[in-house]
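Single-structure report; data block below.
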Amino acid sequence: KLRPRVNESMYHALIYATVLEMQAMMTFQHDDISNAGNTMKHAQEVCQRFRHKSSGLSNKSVGGSFSEVQLHAEVCFAECQLQRAALTFLQDESMVSFVKGGIKVRNSYLIYRELHKFIKSHNFIKGPSHRHLEGGISFGVGAFNLTLSLFPPRILKMLEFAGFSGDKEYALSLLGDGATGMNLRSMLCVLLLLCYHTFLTFILGTGEGEVIEAERLLKPFRLRYPQGAIFLFFAGRTEEIKGNIDEAVALFEHGCKAQQTWKQFHHMCYWELMWCF
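Residue numbering for the sequence shown follows my numbering, starting at 1 and increasing by one per position.
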């Protein structure tokens with residue numbers, strides 16, 4: 001359904017490339033990573049066609065001339081840059097790739113930061129698809145702040161000196177707004193928050209996890225997608241954290257049966273099942 005319009009629609013191109021990147025992240029196969037990288041590069045080129053000729057949002061005289069479509073193009077372009085950076089780090093661990101990926105990350109961050117300032121300014125006028133625009137910006141700024149907040153304080157200070165920010169509470173607030181806003185990136189905001197509340201806080205030792213918040217985020221998506229393998233997996237993880245082992249096992253097994261396309265997803269369920277037994 002997405003593929004026929006990837007050459008004409010920036011959102012079709014971005015979503016299609018994102019699905020391929022998720023597959024590459026699961027399989028770690030060179031062909032999948034290469035295919036996702038090429039598709040994401042094409043998506044970025046499609047977004048570029050819709051961008052304003054001058055990308056200086058901070059300039060008031062220029063910023064006011066941006067159409068809603070051009071603002072959406074900025075968000076999609078920044079997201080493409082960020083996802084291409086992730087694939088660059090995944091594909092090659094050389095210093096050259098690290099530098100290239102770092103440049104993409106910084107470019108993406110600067111676009112998100114300018115967009116966030118722009119939509120909060122007094123002269124900004126909301127368009128008919130503003131909730132999707134705001135959701136995309138909330139996801140980007142929130143993801144950056146949350147990720148950087150997990151770095152050790154000494155490294156975070158260096159990154160803040162370079163212009164980045166890593167405010168965890170601000171990030172959780174933005175992602176929470178994006179998750180409940182019913183926009184195109186609601187699911188991405190939810191998945192990132194679920195990863196944080198059910199895995200990252202335990203792995204990095206930064207907290208005890210917010211199981212109640214995770215369940216609150218899961219509830220509407222489990223009602224909407226009762227056979228959704230990803231949501232069954234996170235539901236199983238929350239039950240596992242609560243100590244409800246029988247419920248967790250049932251949910252992980254259900255998650256395995258719910259889809260047969262990505263076998264690597266089964267491995268994630270098996271890993272959690274191992275800890276249950």
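All C-beta atoms, glycine included, are put in the ideal place defined by N, C-alpha and C. Quantities reported herein were computed from a predicted structural model and do not represent experimental measurements.
Taking the alpha helix (DSSP H) that aspartate 32 belongs to, which residues open and close that run?
Numbered from its first residue, the sequence shown carries residue 32 at position 32. Note, aspartate 32: alpha helix (DSSP H), 30-50.
Any beta carbon of chain B sitting closer than 8 Å to that of methionine 268?
The chain inventory of the structure shown lacks chain B, comprising one protein chain alone.
Using the Cβ count rule (16 or more neighbours within 10 Å means buried), how would you classify glycine 178?
The sequence position of residue 178 within the sequence shown is 178, counting from 1. So glycine 178 counts as buried.
What residues in its chain sit with their C-beta under 6 Å from that of histidine 116, if we drop five residues either side in the sequence?
By one-based count along the sequence shown, residue 116 stands at place 116. Cβ within range, chain order: Ile137 and Val141.
Let me confirm a value: glutamine 264 is counted as buried when at least 16 other C-beta atoms fall within 10 Å, else exposed. Which label applies?
Here the question's residue 264 lines up with position 264 in the sequence shown. The residue is exposed, with fewer than 16 neighbouring Cβ atoms inside 10 Å.
Leucine 2 by DSSP, collapsed to three states: which one?
One-based indexing of the sequence shown puts residue 2 at position 2. In this structure, leucine 2 counts as coil in the three-state DSSP scheme.
Let's see if you can read the secondary structure: which residues bound the alpha helix (DSSP H) around phenylalanine 168?
Counting from one through the sequence shown, the residue named residue 168 turns up at place 168. In the sequence under discussion, the amino acid at residue 168 is lysine, which differs from the phenylalanine named in the question. Here the alpha helix (DSSP H) through lysine 168 covers 168-180.
Since tyrosine 225 is in the alpha helix (DSSP H), which residue starts that stretch and which ends it?
On the sequence shown, position 225 is the one that residue 225 refers to. Segment: none, tyrosine 225 is in no alpha helix (DSSP H) and carries neither H nor E.
State the DSSP-derived secondary structure class of aspartate 246, mapped to helix, strand or coil.
Within the sequence shown, the letter at position 246 stands for residue 246. Correct three-state label for aspartate 246: helix.
What does the Cβ neighbour count give for leucine 251, buried or exposed, with the cut at 16 atoms within 10 Å?
Here the question's residue 251 lines up with position 251 in the sequence shown. Per the 10 Å Cβ criterion, buried.
Just tell me which of Cys269, Leu90 and Gly102 has its CA closest to the CA of glutamate 253.
Residue mapping note: residue 253 aligns to position 253 of the sequence shown, counting from 1. The shortest Cα separation from glutamate 253 among Cys269, Leu90 and Gly102 belongs to Cys269.
Evaluate arginine 51 with the Cβ neighbour count: other Cβ atoms within 10 Å of its Cβ, from every protein chain shown; 16 or more gives buried, anything less gives exposed.
One-based indexing of the sequence shown puts residue 51 at position 51. Classification for arginine 51: buried.
Determine whether the beta carbon atoms of leucine 148 and serine 165 lie at a separation below 8 Å.
The count along the sequence shown starts at 1 and reaches residue 148 at position 148. The count along the sequence shown starts at 1 and reaches residue 165 at position 165. A contact, by the Cβ cut-off of 8 Å.
Quick check: the segment 121-140 against the segment 167-181, are there 3 or more CB pairs under 8 Å?
In short, these stretches touch, since the Cβ pair count reaches three.
For arginine 185, does the count of other Cβ atoms within 10 angstroms reach 16, so buried, or fall short, so exposed?
By 1-based counting over the sequence shown, the position of residue 185 is 185. The residue is buried, with at least 16 neighbouring Cβ atoms inside 10 Å.
In chain order, what residues of the same chain have a beta carbon less than 6 Å from the beta carbon of glycine 37, not counting five sequence neighbours either side?
As a working note, residue 37 is residue 37 in the sequence shown. Leu87.
Taking the alpha-carbon positions, what's the glycine 101 to valine 69 distance?
Translated into positions along the sequence shown, residue 101 becomes position 101. Translated into positions along the sequence shown, residue 69 becomes position 69. When rounded, the distance between both Cα atoms is 27 Å.
Identify which residue in Leu194, Leu200, Phe118 and Ala143 has its Cα closest to the Cα of leucine 232.
Here residue 232 corresponds to residue number 232 of the sequence shown, with the count starting at 1. Of the listed residues, the one whose Cα sits closest to leucine 232 is Leu194.
How long is the line joining the alpha carbons of tyrosine 11 and lysine 1, rounded to whole angstroms?
Position 11 of the sequence shown, counting from 1, holds the residue named residue 11. Position 1 of the sequence shown, counting from 1, holds the residue named residue 1. In a straight line, the C-alpha of tyrosine 11 is about 12 Å away from that of lysine 1.
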